[in-house]
Structures are given as C-alpha cells and as structure tokens.
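Residue numbers for the sequence shown follow our numbering, beginning at 1057 and rising by one.
We put the CB at the ideal spot given by N, CA and C, even for glycine.
Source: prediction; values computed, not measured.
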Amino acid sequence: MDKATSLIAILMWLPVIAAVLCYIVHSYAFRNILVWLTGITLATVSVMLFATGPFDYQPSVIWNGMVEAADFVLMVLILYLGIKNRHKLIINLTLIQIAVLIYFDFFMGPHTAVNPIFVIDNLALVMSLIINIVGSLICIYGVRYIAEHEEHHPVNKTRQPRFMFWLVIFLGAMNGIVFSNDLMWLYFFWEMTTLCSYELIGHNLDKEAIDNACRALWMNMAGGVAFALALVLLALSMPGQPLALRTLLASPGGATGTILLAVALLVLAGFTKSAQMPFQNWLLGAMVAPTPVSALLHSSTMVKAGVYLIVRMAPAYQGTYISNLVAVAGAFTFMMTSILAVTQSNAKRVLAYSTIANLGLIIACAGINTPVAISAAIALIIFHAVSKGLLFLSTGVIEHNIGSRDIEDMGGLVDRMPVTTMIVAIGVLSMFLPPFGMLMGKWAAIEASTQLPLVALMFVAASAVTALFWIKWLGRLLEGEPGLAHKKPEHLAPHYWVSLGGLALGAVIMGVMVLPIMNKVVIPAVKASHQNAGLIVQGASIAAETSRTIIGSFTPWPLFAVLAVVILAFWLLFKPGKATVKPIYLCGENTGALNSVRYLSTADQEVQSSLSNYYFAGYLKESKLNEFGNVIAIIVLVILLLGVKVL
1057 MDKATSLIAI LMWLPVIAAV LCYIVHSYAF RNILVWLTGI TLATVSVMLF
1107 ATGPFDYQPS VIWNGMVEAA DFVLMVLILY LGIKNRHKLI INLTLIQIAV
1157 LIYFDFFMGP HTAVNPIFVI DNLALVMSLI INIVGSLICI YGVRYIAEHE
1207 EHHPVNKTRQ PRFMFWLVIF LGAMNGIVFS NDLMWLYFFW EMTTLCSYEL
1257 IGHNLDKEAI DNACRALWMN MAGGVAFALA LVLLALSMPG QPLALRTLLA
1307 SPGGATGTIL LAVALLVLAG FTKSAQMPFQ NWLLGAMVAP TPVSALLHSS
1357 TMVKAGVYLI VRMAPAYQGT YISNLVAVAG AFTFMMTSIL AVTQSNAKRV
1407 LAYSTIANLG LIIACAGINT PVAISAAIAL IIFHAVSKGL LFLSTGVIEH
1457 NIGSRDIEDM GGLVDRMPVT TMIVAIGVLS MFLPPFGMLM GKWAAIEAST
1507 QLPLVALMFV AASAVTALFW IKWLGRLLEG EPGLAHKKPE HLAPHYWVSL
1557 GGLALGAVIM GVMVLPIMNK VVIPAVKASH QNAGLIVQGA SIAAETSRTI
1607 IGSFTPWPLF AVLAVVILAF WLLFKPGKAT VKPIYLCGEN TGALNSVRYL
1657 STADQEVQSS LSNYYFAGYL KESKLNEFGN VIAIIVLVIL LLGVKVL
C-alpha cells in the first residue's frame, strides 16, 4: 500500500476504530486522550492528503459484497428504530428502500464493476479538509461539553461513550461520501449519516428529543428512497455501464429521459439532506440535541453532504431545466429562511435558519451552473463550515455559563464573558462583513446570478436581511451592563480554547488569504468537477477570471488592517475600567442608585425599564412563513420530478 492509499485508509478506518473504543472503554481520561489523538491525526492526514494531490484508488473487490450486505444491515437497524418508536412513516419508507435494494441486487442481474471505487479529486480533497479539521475540533470540544452537559442534566447512567461513538464515526461516514465514485458505496455512506443524525439528535432520550430525531430520520429516509430509485433508473438506462459518478458526469448537459429523472431524484436526495424547504424542520428540530451535534450537523457533516452531492452533480444537469429549478429553489430557501431568522431570539434557531439559508445560496449557485457560480458555491462551503462551527460551539459555551441560549439574555456578556464574546463577534463578523470570505462568496454569487433576474432579486433581498439579524445579535453581545465594569478573568477549558480559538483564527486567516484560497483551493476544485466534464476548456484563463470576479482586482489585506484599527480603537475607548457608566435617562424619574434601571410611572408605580431587539412579531409569523414557503417549495419539487416529461 503506497502513501496515498494509506492516508485514505486512515481517514476511513481511524474514526471507526476510535468510535468503537470510545464506546467500550468507559474511562473519561482514556476517551479524552483518544479523541484528542484521533482529531489531531485526522486533521494532519487530511492536510497531507491535500498536499499529495488527486488520485484514484481501487480497494479489493471483496468490499463490494460487504457494502451490499451492510446496506441491508443498515436498513434493518433503521426498521427496528421505526418499530421501536411506532413510527409508521419510518417503517414504510424503510420497507420501500429494502424492496428497492432487493430488486436492484437480486433481480436486475450482475452489475458492471466500478473502477475506481474511490476518486480523490480536488473537490473531494477540499471536502476532506473541512470534515477532518472542523469535524475534529468539534469532537474535541464534544468530549468536555458532553461531560458538563450531564452535570446540568443528570442521568442514572452516563451516555458519554455512546455520544462520542456516534460523533466520531460520523466523520468516517462523511469521508466515505466525498471519496466514493461508486454510487452504491455513496448510497451506503449516505444512509449511514442518516442513522448517525438520528442517534445524536435523540441523545437526551426525552420525548422532544425522540420526536425530533424521528422527524430527521423520516425526512432523510425520504431522500434515501429517492437515492435508491435513482440507482435503479440509472442501472436500467445505462446497461453495461458502471454506476459511477464519473460515468454519469461524462456527458454534461446530455442527460435525457430516464437518466434525467434519476438525476432529479439525486437532487431531491440532496435537498432533504441539506434541509432545503420543505424539509427544513428536521434541522430546526435538531437544535434540541447537545451543541456539538448542532455544530457537526450544520458545519462539516450531514448538511454539507447534501450540498456536496448537488454541486458534484452540477455537470450532469447543466443546460437542462433542472439547473434553473435548482437555482430558483435554492434562492427561494435562502430568502425565506433569512427572513425567518430575523423573527428568532433563540440563538441556536437563528444559527439554524442561517445555516439553511446559506445552504440554499450554495445550491442556487450550483443551479446557476457557471464556473464563477460553482467557484462561489465551493468558497461558501469552505468559509461557512468554519464560521458556523465557531458560532455553534460558542453558543454552547454561553449556554452552559448563563443557562440560556436566548439572545436577549446575552446583554452584558462582553463584561461577563469577554473572551467568548470576542470569539462570537469574530464569527458573526465573518458571516457578513467585508473582506471575510462569506461576503466574497455572496458577492460572486450575485455576480453570477445576473443571467437569472428572479434569482438575483432573491439573492439581494436575502443578503440585506442577513445583515439585519447578525447586527441585532452582535449589538446585544457588545452591550455593556451597569455594575459589571470590574470583572474576573474568564477561564475556558483547553478543549474550548483549542476548538474556539482554532476556528476563530481560521476564520481570520482565511479572510486575509482569500485570494490564495481561491486560486490554490477553489479553482482546482471547480476544474475537478467541470473541466473533466468538458465545461471548462481553458483552465488557466478561467481560473484567473474567476478570481477577479469573486474578489475584484484589490487585495483584502488593507481592509483587514482598517478593521483591526477599528477594533483596537473600540477596545481602547471602551475597555472595562475606562468607560463611565451613566444611568438611563428617564425624565428625572429614576429610582435608586446609579445602576438602577427602574423608574416611576403613573400613580408613582415603580416599573422596570427594558430594552430588546425587534423581532417583527406583529408582522412576520414563523408558522405562516413556513407554511407559505413549504407550499412554494413543494410546487418546485413537483415540477422538478415531473418536468422530465413536460419540459
């Protein structure tokens, strides 16, 4: 086994081995050391793999039979969960998949072997970096967090080993998704992430957790049914050809008839996994899970599997009606869920809606399906993973310290938790402020959307709303609180320092290095998906033009220098001990001492004054907006599936 294949073996098998050891050894000290070593190893190996460059890998043919058997084992496990929870929808969707798999494996005759099974191209290498660096930091954070979680939510018997088992093995399943060229292997890893998400979302075992875990399971199983049906249709339409991504993408824009329907079904599977409308509720329900689960699902795994598949499949539907529908569906989700985020005061729900919105933006870029748009999509995948992982993990630390995840309870946090607050501020700024990478990606997306005016309009509207909910949260975080000018230093556990500090540093460095990232990371990934498919014929000139389109002709470093000066000036002017705290002016009717925020109202009644953000409660109803959005999204999906015969 050469060096490259050894690296693949480590990324695939180490999470499995580490997960099993986490489960069977109930020592916190052992589990702590194991997860640290596993995370460091996975991150290091992913960087080494990236440096090695693209290659193909063909494991022993014996694994094909084992993966086919594992598919049925996986379905039986999920069927058991459906029966255990008496959930008819899960049971029925699982039985459908089992029936489809039986037909596919035993009644369609022998299938042409796929060679190679693994294709590690530049896009796969980029995804591997995200999974194994961001995902490993989340797992390290999770070791400490889940121990503290059980202190806040006592249990008769610790479930930490089980929690870390599913968290760590998730990374192995995601590596399998992004490396697989064989669609059957991809299907197995795809459904493995579905099982992992169920187990993690339902970790607390209360009714709310189980209900939301079941919702996530049946919605993703619906996508699994679409994936399984796509395999059958492709096998029927491509007799004698291997069921491989490389084969399917070999004739871009040429898919017609049954193959086009199969492509539409794969896109539908990607929509369910990435929680696009009308499937967004499973990801919102996942917020009941411990914070590391939210971070993992939203940043480096699960939902990224959905957008990865849609971006990967872009050459297959380029030039077809599917492409425009994907663009419209993604842009609509981006706009609607951005508006919904404005109505939320729960920080994790703001982050959840924001995640769904950004996934919609990435998917819309895949639908626009030009080199610039695909470049924007891949850039957004990278920058979003780091920033959103940082924000979720920071919110978890805040919740453990103040006992709330409500934004309105975070006033004065800059005085109580200055380090965490500054880290959150970096995460928030990196999501919408120039010259951070997320804004650069949105800039490129809007530039690429000009050929689709409706999509461009939704992009602009959603981007404006995005700034609103981030500014509201940031303002509340940085709001001083009377009486807390003299505070004790904040102490963070090493797990939190490494995970939060690493992601915060990564967000800043990637913003400063946005041009090299575009040229050395993103452009090669675009070539991997589009040049090999014949959609880019002059790689060097396209790369240079794409970079100029995305970030303009200037370097972002001067903007970061200006930003650093502004932050330094703010700190020097308003740092604790220097600012003078004045009471709120209430027409001379303040009561009590300097720090009092009570005043005398009519009939000399004492009233507590309060300030809060505005959530448009009288105008924007979450339930009504979701209902409207779901109706529109369902119509688009129906057109997507039926359009093969109509359009």
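Beta bridge counterpart(s) of residue i as assigned by DSSP
i     : result
N1402 : D1462
L1236 : A small fix is needed here, since residue 1236 is Ser in this sequence, not Leu. F1174, per the DSSP bridge assignment.
F1111 : I1176
Extent of the continuous alpha helix (DSSP H) to which residue i belongs
i     : result
D1161 : 1144 to 1162
V1582 : 1579 to 1582
T1042 : Outside the displayed span of the chain (1057 to 1703) sits residue 1042, for which this structure offers no information.
D1262 : Careful: D1262 lies outside any alpha helix (DSSP H) and carries neither H nor E.
E1207 : 1191 to 1208
F1327 : 1313 to 1329
P1071 : 1059 to 1080
F1515 : 1509 to 1533
T1477 : 1474 to 1488
G1341 : 1337 to 1341
I1573 : 1570 to 1573
G1121 : 1118 to 1140
Y1373 : 1370 to 1373
T1347 : 1347 to 1351
Limits of the beta strand (DSSP E) - the one that residue i falls within
i     : result
I1176 : 1174 to 1176
Residue i vs residue j beta-carbon contact at 7 Å
i     : j     : result
A1320 : L1697 : yes
V1484 : T1477 : no
A1099 : I1189 : yes
V1367 : A1331 : no
R1532 : I1579 : no
A1060 : F1111 : yes
A1272 : Q1153 : no
G1280 : K1329 : no
T1399 : L1676 : yes
L1145 : W1274 : yes
P1348 : I1225 : no
V1453 : E1546 : no
A1278 : A1318 : no
L1256 : A1584 : no
L1193 : S1555 : yes
Q1114 : I1173 : yes
Same chain, Cβ closer than 7 Å to residue i, neighbours up to 5 away in sequence not counted
i     : result
R1218 : Y1079
W1069 : none
M1343 : S1350, K1404, R1405, A1408
V1517 : Per the sequence shown, the amino acid found at residue 1517 is Ala instead of Val. Within the same chain, A1517 has close Cβ partners M1391.
V1694 : none
F1245 : A1229, G1232, I1233, S1236
N1686 : M1333, P1334
E1264 : V1344
Where residue i sits in the DSSP three-state scheme
i     : result
M1496 : helix
L1256 : helix
I1688 : helix
L1559 : helix
S1356 : helix
R1215 : coil
T1249 : helix
T1168 : coil
E1546 : coil
S1410 : helix
Y1364 : helix
M1566 : helix
F1221 : helix
L1698 : helix
Cβ-based neighbour list, residue i, same chain, cut-off 6 Å, excluding 5 preceding and 5 following
i     : result
L1365 : G1326
C1421 : A1429, A1432, A1433, A1501
I1690 : P1334
L1324 : A1282
N1088 : V1199
D1177 : P1110, A1584
L1135 : T1150
Spatial neighbours of residue i in its chain, beta-carbon cut-off 8 Å, leaving aside the 5 residues before and after
i     : result
L1407 : S1350, H1354, K1444, L1447, F1448, T1451
Y1671 : V1398, T1399, Q1400, S1401
Neighbour flag for residue i against chain C, beta carbons, 7 Å
i     : result
E1124 : Protein chains in the displayed structure number just one, and chain C is not present.
Proximity test, residue i beta-carbon vs the ligand GTP heavy atom, cut-off 6 Å
i     : result
A1085 : The ligand GTP is not part of the structure shown, which contains no ligands of any sort.
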